[in-house]
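Student: Here's a structure for you.
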Ligand code: ADP
Ligand code: MG
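Numbering (the UniProt record's numbering), first residue to last: 1 to 248.
The structure is reproduced here in structure tokens:
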């Protein structure tokens, strides 16, 4: 069994079976990509891993801990961190302040709305935040206001916000969506570096260049169900995969 074991997960929205008996095993320290046509259920599945959605049935076990029924912050404490499809950053704050918020949240097991109260261990958190910003190549911009960043840089900031929490499992929902090619390539390099540190990753991605650059294994989801799971080199020519994309 992998570090992340998903068994028989079902999720229905009214009349729509968004996830249909999903089984998935993610090996520790690998990058596992989930691909599939729009509406296949990829984001829904990630939402079930982080407590944003509760599956109707099934189990999600990470590193021996059952995640079903845990609150998002408890799942986060278990070492699971998510980077969202749409950047969720604090636009009026500096980059450094943005990264310090999840650093404190991870340490304290709760979100602290106020950065301005005297905080214990602020210096360590600041150092950790600076280190995370440096690791995504944005150390020099730490005092800039987040809203002034380009879209690609906002994604990098989000990655820094994730990395400062020292995740064991990093979940990425379309990390290069909307990026120009140069930013996409820089993000691929960055994610490869993160993967080399042993962090397990689950990546949802439309861009096949990104998927084939990063993934150790690929699961193809179609209409809520995994139809193929294989090594990247076996995915491209698989007729089931081609049919899912054409039919989707
Ligand atoms: P993907 O990320 O693969 O594009 P999603 O997981 O976002 O797909 O969506 C899967 C299906 O579930 C889609 O048909 C979508 O419209 C539907 N869906 C997603 N979230 C909700 C929701 N909160 N309520 C109702 N339907 C939803
Ligand atoms: Mg999605």
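Every residue gets a Cβ at the ideal spot worked out from N, C-alpha and C, and that includes glycine. Bear in mind the structure is a predicted one, so any value in this text is a computation, not a measurement.
Go through its chain and collect everything with a Cβ distance to residue 94's Cβ below 8 Å, but skip five positions before and after it.
Tutor: Here residue 94 refers to the residue found at position 94 of the chain shown. These residues qualify, in order along the chain: 142, 143, 144, 145, 146.
Student: Let me know the alpha helix (DSSP H) ranges lying completely inside the segment 76-161, each 4 residues or longer, listed in chain order.
Tutor: Entirely contained in the segment 76-161, the alpha helix (DSSP H) runs reaching 4 residues are, in chain order, 95-108, 122-135.
Student: Identify which residue in 221, 157, 238 has its Cα closest to the Cα of residue 20.
Tutor: As a working mapping, residue 20 is identified with position 20 in the chain shown. Checked all of 221, 157, 238; the closest Cα to residue 20 is 221.
Student: Indicate whether residue 203 and residue 175 have their beta-carbon atoms separated by less than 8 Å.
Tutor: As a position in the chain shown, residue 203 is number 203, starting the count at 1. As a position in the chain shown, residue 175 is number 175, starting the count at 1. Yes, the Cβ-Cβ distance between residue 203 and residue 175 is below 8 Å.
Student: Check residue 43 in the structure and name its three-state DSSP category.
Tutor: Here residue 43 refers to the residue found at position 43 of the chain shown. Residue state, collapsed to three classes: helix.
Student: With distances taken from CA atoms, which of 205, 228, 214, 215 is nearest residue 42?
Tutor: Here residue 42 corresponds to residue number 42 of the chain shown, with the count starting at 1. Nearest option by C-alpha distance: 205.
Student: Check for me: the beta strand (DSSP E) holding residue 201 runs from which residue to which?
Tutor: Numbered from its first residue, the chain shown carries residue 201 at position 201. Start and end: 200-204.
Student: Please report the residue range of the beta strand (DSSP E) in which residue 253 lies.
Tutor: Given a span of 1 to 248 for the chain in the structure shown, any question on residue 253 remains unanswerable.
Student: Based on Cα-Cα distance, which residue from 209, 199, 160 lies nearest to residue 88?
Tutor: Here residue 88 is taken as the residue at index 88 of the chain shown, counted from 1. Checked all of 209, 199, 160; the closest Cα to residue 88 is 160.
Student: May I ask you to check if the CB of residue 104 is nearer than 7 Å to at least one heavy atom of the ligand ADP?
Tutor: As a position in the chain shown, residue 104 is number 104, starting the count at 1. No, the beta carbon of residue 104 sits no closer than 7 Å to any heavy atom of the ligand ADP.
Student: Which same chain residues end up closer than 7 Å to residue 225 when comparing Cβ atoms and leaving out the 5 residues on each side of it in sequence?
Tutor: As a working mapping, residue 225 is identified with position 225 in the chain shown. Correct list, in chain order: 20, 21, 22.
Student: Could you pull out every residue in the same chain whose Cβ sits closer than 8 Å to the Cβ of residue 55, ignoring the five residues on either side in sequence?
Tutor: For this step, residue 55 is matched to residue 55 along the chain shown. Here the set comprises 9, 10, 11, 19, 48, 68.
Student: Examine the ligand MG and report whether any of its heavy atoms sits within less than 7 Å of the Cβ of residue 42.
Tutor: The sequence position of residue 42 within the chain shown is 42, counting from 1. Yes, the beta carbon of residue 42 sits closer than 7 Å to at least one heavy atom of the ligand MG.
Student: Quick one: residues in its chain with C-beta nearer than 6 Å to the C-beta of residue 30, no 5 flanking neighbours on either side, listed in chain order?
Tutor: Numbered from 1 along the chain shown, position 30 holds the residue referred to as residue 30. Within the same chain, residue 30 has close Cβ partners 216.
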